[in-house]
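Per the numbering used here, residue 10 is the first one in the sequence shown, and the count goes up by one each step.
For each residue, glycine too, the CB sits at the ideal point set by N, CA and C.
Here the structure is laid out as structure tokens; the discussion comes afterwards.
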Amino acid sequence: MASSISTFTTRLSEAARIVEAGLQALLSDKAAPGELARPSRLMDAMRYAVLGGGKRLRPFLTIEAARLMGVEGEGPLRAGCAVELLHCYSLVHDDLPSMDDDDLRRGRPTVHRAYDEATAILVGDALQTLAFEVLADPATSSDPAVRSGLVLGLARASGLGGMVGGQLLDLSAEGRYGPAELGEAEVRLLQMMKTGAILSFSVEAGAILGQADAAARRSLVEYGRALGAAFQVADDILDREATPEALGKRTGKDREKGKATLVDLLGLDGAKRECRQLVEKADAALAGFGDKAQILREAVRFVVEREV
């Protein structure tokens with residue numbers, strides 16, 4: 010077990026390193042073919058939003074799921090970078106005054122504080138479109154069906170039926186549009202859409218790149234959904250137990266706004282039990298892959314045991 014954990018840690022660190030380099034290349038000042046120019050202020054702010062922080066868990070999941078399907082190299086790296094660009098866009102917009110109104114992200118001022126609100130909006134817009142550009146580029150895959158599958162999958166995970174829709178549900182849960190009292194089913198749906206959909210797609214992207222058969226893809230999607238749910242429950246536990254200094258962002262926001270989480274509904278012990286059950290569910294989804302999926306098994310444990 011210690012050996013598998015060591016291998017997981019090494020692979021996660023290596024993925025973070027190559028993803029960081031890949032993101033730096035995508036966010037260079039040099040205009041890409043078809044672009045007229047890259048405004049320097051916009052590029053500075055985009056790099057501020059993306060580079061030098063985060064565990065790069067989402068691209069790691071894409072890279073490892075693709076490896077499980079026998080695909081390595083530039084394609085999984087580019088797809089993982091695209092997911093990370095999309096994720097970073099969501100953080101920039103999530104921090105805006107009209108959304109969560111946060112001043113701190115990863116231990117430093119949020120983009121709208123470091124620059125200004127208009128720049129932050131444009132940063133998010135540019136990161137989102139760049140993500141889809143990366144997936145649509147033949148450099149990601151020579152197969153048009155693979156590229157279109159990636160674009161479709163990320164659009165659905167990040168759009169009205171996924172992350173964006175989940176953000177609207179999140180705002181509604183604060184009572185912005187009238188009285189709101191969320192039960193367990195509503196909280197689970199909100200979290201599945203806002204956070205879980207992109208995490209789940211990060212895994213499914215590897216299946217798409219590897220042109221997995223229907224059964225393998227179904228298993229990876231099931232694993233991704235369990236991991237996404239576990240991530241959010243663990244996040245709610247951290248929000249209750251960790252300090253803002255440790256997390257690098259403000260804690261207790263949901264409680265301040267009277268918004269229920271699974272920790273509120275299940276209690277701390279119940280939420281931790283839920284995490285353990287989701288780890289078991291993720292493990293079960295990977296059963297058909299045998300020992301080849303050990304890194305993905307360690308990933309879901311990392312998600313629930315992390316301290317930041």
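Open item on the list: Considering Cα atoms alone, identify which of 130, 217 and 239 is closest to residue 201.
Closed with: 239
Open item on the list: Just list the residues that DSSP pairs residue 114 with in beta bridges.
Closed with: 117
Task: Exposed unless 16 or more other CB atoms sit within 10 angstroms - verdict on residue 283 - done: buried
Task: Runs of alpha helix (DSSP H) lying entirely within the stretch 178-232, each at least 4 residues, in chain order - done: 193-200 and 206-218
TODO: Compute the Euclidean distance between the alpha carbons of residue 6 and residue 124, then round it to the nearest angstrom.
DONE: Because the chain here runs from 10 to 317, residue 6 falls outside it and cannot be looked at.
Task: Inside the stretch 59-117 only - alpha helix (DSSP H) runs reaching at least 4 residues - done: 66-77 and 83-103
Task: Contact check, residue 68 vs residue 75, beta carbons under 8 Å - done: no
Open item on the list: Rounded to the nearest angstrom, what separates residue 183 and residue 192 at their Cα positions?
Closed with: 13 Å
TODO: Report yes or no: is there a C-beta of chain C within less than 8 Å of the C-beta of residue 278?
DONE: Given the protein chain composition of this structure (a single chain), no chain C is represented.
- [ ] Starting from the C-beta of residue 325, find all residues in its chain whose C-beta is less than 8 Å away, skip the five residues before and the five after it, and write them out in chain order.
- [x] One cannot answer for residue 325 here, as it falls past the ends of the chain, which runs 10 to 317.
- [ ] Quick one: give me the first and last residue of the alpha helix (DSSP H) that residue 164 is part of.
- [x] 153-167
Open item on the list: Distance check for residue 292 and residue 280, CA to CA, integer angstroms please.
Closed with: 19 Å
TODO: Pull up the distance between the alpha-carbon of residue 17 and that of residue 246, whole angstroms please.
DONE: 23 Å
Task: Straight-line gap, residue 167 to residue 145 (C-alpha atoms, nearest Å) - done: 16 Å
Open item on the list: Using only CA atoms, which one of 289, 64 and 248 lies nearest to residue 272?
Closed with: 248
- [ ] Tell whether a beta-carbon distance below 8 Å holds between residue 29 and residue 304.
- [x] no
Open item on the list: Whole angstroms are fine: how far does the CA of residue 142 sit from the CA of residue 51?
Closed with: 17 Å
Task: Straight-line Cα distance separating residue 306 from residue 250 - done: 25 Å
TODO: Quick one: residues in its chain with C-beta nearer than 7 Å to the C-beta of residue 219, no 5 flanking neighbours on either side, listed in chain order?
DONE: 75, 78, 79 and 80
Open item on the list: Quick check: residue 288 and residue 310, are their CB atoms within less than 8 Å of each other?
Closed with: yes
Open item on the list: One question on the structure: do residue 223 and residue 159 come within less than 8 Å of each other, judged by their Cβ atoms?
Closed with: no
Open item on the list: So for residue 47, helix, strand or coil by DSSP?
Closed with: coil
- [ ] Following the continuous alpha helix (DSSP H) through residue 305, name the residue where it begins and the one where it ends.
- [x] 303-314
TODO: Would you give the residue range spanned by the alpha helix (DSSP H) that residue 141 belongs to?
DONE: 126-145
Task: Boundaries (first-last residue) of the alpha helix (DSSP H) holding residue 279 - done: 271-294
- [ ] Within 10 angstroms of the Cβ of residue 232, are there 16 or more other Cβ atoms? Answer buried if so, exposed if not.
- [x] buried
Task: Between the CA atoms of residue 140 and residue 217 - distance to the nearest angstrom - done: 16 Å
TODO: Check residue 38 in the structure and name its three-state DSSP category.
DONE: coil
TODO: Measure the alpha-carbon distance for residue 64 versus residue 21 and round it to whole angstroms.
DONE: 8 Å
Open item on the list: Considering only their Cβ atoms, is the gap separating residue 208 from residue 221 smaller than 8 Å?
Closed with: no
- [ ] Compute the Euclidean distance between the alpha carbons of residue 204 and residue 297, then round it to the nearest angstrom.
- [x] 26 Å
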